[in-house]
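Novice: Residue numbering for the sequence shown follows the working numbering, starting at 689 and increasing by one per position. Built from N, CA and C at the ideal position, the CB exists for glycine as well.
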Amino acid sequence: MNVLVGYDYELGRGICSPDDATPPHAYRKHSRLGLRRFVFFDGVSGNIDERDVKATAQLKERLQQNPLMSDKEGSSDVLTSVRSLLRSYTAVEKQRSWFAKSLFPVHEHLLFWEALRREDKTLSKGVSLPIFDDLTSASDATELDKGISLSARNFFARGGELYYLMLSAGTHSDPALADTIGKQLQLLLQESSPAVGRLAAMIDATWTRQAPSNEPAAVRDPSEEKSGYLGWLPRQDDPLFHIFAQDVAQLLRAPLGVTDALTSLAHLMAFHLTLYIYRRANAVLAPGAPSPTLLLDLLDQDGDSTLRRASSAHFREQEAVQAQAVRGFVASTVEAAWADVTPDTSFGLALREHTKRWSLGKAKGKKGAADHDFYLWVDRLVASSSEINRAQVAEQLVDLVMPDFTKHFLGVHRKLAKSCGFVAPPQGQSARYVMGNELLKALVLAVTGQERDMEYAEFLEGLYDRYGLVIALDQARLSGVFDRHAINADYYQRNQQALLDKLTSAGLAKEYSDATALVSGRLS
């Protein structure tokens, strides 16, 4: 949503390819440092910087001068109540500093990019700062905001940019669909909770009026740059993206309140991103391969774990495919480096060039341990005069990158899939594919829409045709899952009934007889 709002609710403006000579259009990043300091900075928890202590005090003092934010005695009770109200919309907070927390976007003015306060030893806690008494001085706020960067590429930024690119690709040949999605989200984020939006905008404007951005570029701090650029998307013509765009448009047409709509959309997005991971990993191993089939276990209260073990096997298989895709990527990198060897360029130098953008591990202010070991290994290879065994080099590279991949990519995949209710349990082993209540509601809205009721059998076919989800016996036979696991047909029939029971309990389906049930996105 940050990307979409940064592009003025227009899909398609950031699409490019790796060969494009000119970068795509930039999108605007909203920092809203005043708002997030007011809501999240308490001077006690997280990383404390004296600049932020001073900035928060200035902001609160200025807000108390506003008649709407202070009672007759000039008490801070009103500010405390307003802060408590806005904190009730907290979306991301646990174990994060104030600049990395976020609010649930019930209005576009509650949207902002995750920031990063760069370490500055000369301005760390305990070092005195100049006393700023003139609250109207623009330079005060500019100085206090220095060192805060909006360019950190965390997972949420990558995931959001990727999803924007997927929706843009999915609507490239359907501009009416792109326009529909943009206008629906604009309506949702601008006209829902207008009072909260005005309150948030007023608080942030109280701070930004002290830090105008009209300084010459030559003297502006780099952290003040508020433009973002997207990467590129492989296989922009993948029909899966059009399905994703259709899903989003269908869901947004539902008569939901802003909180329910955004909650359903968040679950749908995480589900889509999980499917995309599978699509890309399988495509690396078998170009042109369709999305994999995934067996769901919906027998939550069933003491027999037969179906559960089969679904868990599907989950382990997809993680193994991702690991194999990494091995394939490393092998292709080694071969590409070998092809670049010339009398003036050794294999080690060529490999260093091909891997210079790899980022392994995380550490503050320096390369991570894995990153450090990796480049030491490449440097030794560059200096080596021995004969190169490409297969052995590829295996050694895999050994270096796989721990980082397992921790930072497979870990994210599991967190993503579990957060949207697609994989259970939330903690522990034996992960399997399931269907949480919020995800189920989102998929009903995406598949059935608001126009008509859908027979239950047709709904099951839709889940299989669109996403590769196997629940019932018919789809198990069609996909080959039935023959693969040799599970009695009764398990699939009970699985099918269990999903129908969940739908009925949630008001998303009605059973009219043993043979007839209708699924409806018209929420009852």
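Please return the same chain residues whose Cβ sits closer than 7 Å to the Cβ of PHE1042, not counting the five positions on each side in sequence.
Specialist: Taking the sequence shown and counting its residues from 1, the one referred to as residue 1042 is at position 354. With the sequence shown as reference, residue 1042 is identified as His, and Phe is not the correct amino acid for it. Excluding residues within five positions, the ones whose Cβ falls inside 7 Å are THR1021, ALA1024 and ALA1025.
Novice: For THR1192 and ARG805, what's the separation of their Cα atoms in angstroms?
Specialist: Walking along the sequence shown from the start, residue 1192 turns up at place 504. Walking along the sequence shown from the start, residue 805 turns up at place 117. Cα to Cα, THR1192 sits roughly 49 Å from ARG805.
Novice: In the structure shown, what three-state DSSP assignment does LEU1119 receive?
Specialist: The residue given as residue 1119 occupies position 431 in the sequence shown. Reading off the sequence, residue 1119 comes out as Ala, not Leu. Three-state result, ALA1119: coil.
Novice: Roughly how many angstroms lie between the CA atoms of ARG1172 and GLU1199, to the nearest whole one?
Specialist: In the sequence shown, residue 1172 corresponds to position 484, counting from 1. In the sequence shown, residue 1199 corresponds to position 511, counting from 1. So the alpha carbons of these two residues sit roughly 32 Å apart.
Novice: Straight-line CA distance for ARG1210 to GLY1137?
Specialist: Taking the first residue of the sequence shown as position 1, residue 1210 is located at position 522. Taking the first residue of the sequence shown as position 1, residue 1137 is located at position 449. Their Cα atoms are separated by approximately 8 Å.
Novice: Under 8 Å, do SER1208 and ALA1197 count as touching if we go by C-beta distance?
Specialist: For the purposes of this step, residue 1208 is taken as residue 520 along the sequence shown, with counting starting at 1. For the purposes of this step, residue 1197 is taken as residue 509 along the sequence shown, with counting starting at 1. Yes, the Cβ-Cβ distance between SER1208 and ALA1197 is below 8 Å.
Novice: Quick one, are the C-beta atoms of LEU963 and SER979 less than 8 Å apart?
Specialist: Indexing the sequence shown from 1 puts residue 963 at position 275. Indexing the sequence shown from 1 puts residue 979 at position 291. Yes, Cβ-Cβ distance for LEU963 and SER979 is below 8 Å.
Novice: LEU1187 and MET1142 look like a contact to me (Cβ under 8 Å); what is the Cβ gap, rounded to whole Å?
Specialist: Stepping through the sequence shown from its first residue, residue 1187 is reached at position 499. Stepping through the sequence shown from its first residue, residue 1142 is reached at position 454. Not confirmed; about 14 Å, so no contact.
Novice: If you reduce the DSSP assignment to three classes, tell me which class LEU973 lands in.
Specialist: Locating residue 973 in the sequence shown gives position 285, counting from the first residue. The answer is helix: DSSP assigns LEU973 an H, G or I state.
Novice: From the DSSP output, read off the bridge partner residues of GLU1143.
Specialist: Position 455 of the sequence shown holds residue 1143. LEU1206.
Novice: Can the beta-carbon of LEU721 be found closer than 8 Å to that of TRP895?
Specialist: Locating residue 721 in the sequence shown gives position 33, where the first residue counts as 1. Locating residue 895 in the sequence shown gives position 207, where the first residue counts as 1. Taking 8 Å as the Cβ cut-off, LEU721 and TRP895 qualify as a contacting pair.
Novice: Would DSSP call TYR1152 helix, strand or coil?
Specialist: The sequence position of residue 1152 within the sequence shown is 464, counting from 1. If DSSP states are grouped into helix, strand and coil, TYR1152 belongs with the helices.
Novice: Using a Cβ distance threshold of 8 Å, determine whether the stretch 696-712 contacts the stretch 854-861, with at least three qualifying pairs required.
Specialist: The stretch 696-712, when compared against the stretch 854-861, does touch it at the 8 Å Cβ threshold.
Novice: I think TYR1121 touches LEU983, with their Cβ atoms under 8 Å apart; what is that distance to the nearest whole Å?
Specialist: Here the question's residue 1121 lines up with position 433 in the sequence shown. Here the question's residue 983 lines up with position 295 in the sequence shown. At roughly 6 Å, the Cβ-Cβ gap stays under 8 Å, so TYR1121 and LEU983 are in contact.
Novice: Give the straight-line distance between the Cα atoms of SER769 and LEU939, rounded to the nearest whole angstrom.
Specialist: If you number the sequence shown from 1, residue 769 lands on position 81. If you number the sequence shown from 1, residue 939 lands on position 251. The alpha-carbon atoms of SER769 and LEU939 are separated by roughly 34 Å.
Novice: Leaving out five residues before and five after ALA1134 in sequence, what residues of the same chain have Cβ atoms less than 8 Å from its Cβ?
Specialist: As a first step, residue 1134 must be located in the sequence shown, where it is residue number 446. Around ALA1134: GLN934, ASP935, VAL936, GLN938, LEU939 and LEU956.
Novice: Tell me which residues share the same chain as ARG775 and place their Cβ nearer than 6 Å to its Cβ, disregarding the 5 neighbours each side in the sequence.
Specialist: Within the sequence shown, numbered from 1, the residue matching residue 775 stands at position 87. Closer than 6 Å at the Cβ level, and outside the excluded window around ARG775, lie VAL727.
Novice: So HIS795 and VAL691 are in contact, right, with Cβ under 8 Å, and what is the actual spacing, rounded?
Specialist: Mapped onto the sequence shown, residue 795 falls at position 107. Mapped onto the sequence shown, residue 691 falls at position 3. HIS795 to VAL691, Cβ: 17 Å. No contact.
Novice: Counting along the chain, where does the alpha helix (DSSP H) carrying VAL884 start and finish?
Specialist: Start at 1 with the first residue of the sequence shown, and residue 884 comes out as number 196. It spans 882-896 - the alpha helix (DSSP H) in which VAL884 sits, taken as one unbroken run.
Novice: Since I believe ALA942 is in contact with HIS797 (beta carbons under 8 Å), could you give me their beta-carbon distance rounded to a whole number of angstroms?
Specialist: Looking up residue 797 in the sequence shown gives position 109. Looking up residue 942 in the sequence shown gives position 254. That belief does not hold up - the Cβ atoms of HIS797 and ALA942 are roughly 24 Å apart, past 8 Å.
Novice: Please report the straight-line C-alpha distance between ALA1011 and LEU1148, rounded to a whole angstrom.
Specialist: Counting from one through the sequence shown, the residue named residue 1011 turns up at place 323. Counting from one through the sequence shown, the residue named residue 1148 turns up at place 460. Approximately 30 Å between the Cα atoms of the pair.
Novice: Do ALA779 and GLU802 count as a contact pair if the criterion is CB distance below 8 Å?
Specialist: On the sequence shown, position 114 is the one that residue 802 refers to. On the sequence shown, position 91 is the one that residue 779 refers to. Contact: no.
Novice: Residues bridged to SER915 by DSSP?
Specialist: Position 227 of the sequence shown, counted from the first residue, corresponds to residue 915. Answer is ARG716, bridged to SER915.
Novice: Do ALA1082 and VAL1029 come within 8 Å of each other at the CB atom, strictly closer than that value?
Specialist: Residue numbering aside, residue 1029 sits at position 341 when the sequence shown is read from its first letter. Residue numbering aside, residue 1082 sits at position 394 when the sequence shown is read from its first letter. No; because the gap between Cβ atoms is not below 8 Å, this pair is not in contact.
Novice: Taking C-alpha atoms, which residue in LEU1151, LEU1128, ASP992 and GLN1084 lies nearest to GLN1178?
Specialist: To locate residue 1178, count along the sequence shown from 1; it is residue 490. The question names Gln, yet the displayed sequence has Asp at residue 1178. Checking every option, the nearest Cα to that of ASP1178 belongs to ASP992.
Novice: GLY1109: which of ILE836, LYS1129 and PHE1097 sits nearest, CA to CA?
Specialist: By 1-based counting over the sequence shown, the position of residue 1109 is 421. It is LYS1129 whose Cα lies nearest to the Cα of GLY1109.
Novice: Sort out for me which residues DSSP pairs LEU804 with in a bridge.
Specialist: Within the sequence shown, residue 804 is the residue found at index 116, counting from 1. Looking at the DSSP assignment, LEU804 forms a beta bridge with SER837.
Novice: Considering only the beta carbon of each residue, do LEU950 and PHE792 sit closer than 8 Å?
Specialist: In the sequence shown, counting from the first residue as 1, residue 950 sits at position 262. In the sequence shown, counting from the first residue as 1, residue 792 sits at position 104. Yes; because the gap between Cβ atoms is below 8 Å, this pair is in contact.
Novice: Would you kindly check if the distance between the Cβ of ARG1154 and the Cβ of ILE931 is under 8 Å?
Specialist: For the purposes of this step, residue 931 is identified with residue 243 of the sequence shown, where counting begins at 1. For the purposes of this step, residue 1154 is identified with residue 466 of the sequence shown, where counting begins at 1. Against a cut-off of 8 Å, the Cβ pair of ARG1154 and ILE931 comes out as a contact.
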